[in-house]
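These notes are about the structure you will find just below.
Residue numbers (the working numbering): -19 to 199.
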């Protein structure tokens, strides 16, 4: 083999050796960056149950008399309407501390069907007093945080007490500004009644609503 071929082969080998480190290092440059960890801070979740009992009453009455005189007869009737409204609100507040990005279970202390706000599916879930609902706040910094809520319930598929249990859950996620109260669940039950007599008629409506509000703060 001529010397020129030996020289060309040696140069080609040197070029391969020079390019080899670059070729092997290229995948490391395209690797996915590690996500930035969450700030190691505690978040305080304040839960407020706002109950509003509103009573509305309306009454319609008639008062009158009949006058009989020689050559003249007539009747005078006065109709009066009255509408009264009264409301009574009560607040129950509880506070829990949780590490940023971790789950915490919140018990409301009573069993009541509630509807989660901005839920992925429009349905009402019966929140049990023992299980409550789960909350997961995530704070990346700044003046707002993400709050994930999940409420589940278990019910029997049949009337028999031995019937198997089926579970369902409702999830929602919303952005919450720190230090501000935000409604996350609500309920509104109404009842109506009426009574009537010869000269008057009365109708009353009672609404017992409850909403659940949360407020986040960094500790």
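Where a beta carbon is used, it is the ideal one built from N, C-alpha and C, also for glycine.
Handout entry: Buried versus exposed, by CB contacts within 10 Å (16 or more), residue 83
Key = exposed
Exercise for the section: In the DSSP assignment, find the beta strand (DSSP E) that holds residue 96 and state where it starts and stops. Expected result: 92 to 96
Problem - Burial state of residue 79, where buried means 16 or more other Cβ atoms lie within 10 Å - result: exposed
Practice task
Would you give the residue range spanned by the beta strand (DSSP E) that residue 116 belongs to?
Solution key: 113 to 118
Exercise for the section: Locate the beta strand (DSSP E) running through residue 85, then write down its first and last residues. Expected result: 84 to 86
Practice task
Select from 131, 113, 29 the residue whose C-alpha is nearest the C-alpha of residue 189.
Solution key: 29
Exercise for the section: Give me the Cα-Cα distance between residue 201 and residue 77, rounded to the nearest whole angstrom. Expected result: Any answer about residue 201 is impossible in this case: the structure gives the chain only from -19 up to 199.
Problem - Of the listed residues 164, 19, 23, nearest to residue 130 (C-alpha basis) - result: 164
Problem - Sheet register partners of residue 198 (DSSP bridge) - result: 23
Problem - DSSP three-state assignment for residue 160, whether helix, strand or coil - result: coil
Practice task
Closer than 7 angstroms by C-beta to residue 159: which residues in its own chain qualify, once you throw out the five before and the five after it? Chain order, please.
Solution key: 195, 197
Handout entry: Secondary structure of residue 151, DSSP reduced to three states
Key = strand
Problem - Span separating the alpha-carbon of residue 19 from that of residue 72 - result: 30 angstroms
Practice task
Measuring alpha carbon to alpha carbon, tell me which of 156, 191, 192, 150 ends up nearest residue 23.
Solution key: 156
Exercise for the section: For residue 193, count neighbouring C-beta atoms within 10 Å of its own C-beta (all shown protein chains included) and say buried if the count is 16 or more, exposed if not. Expected result: buried
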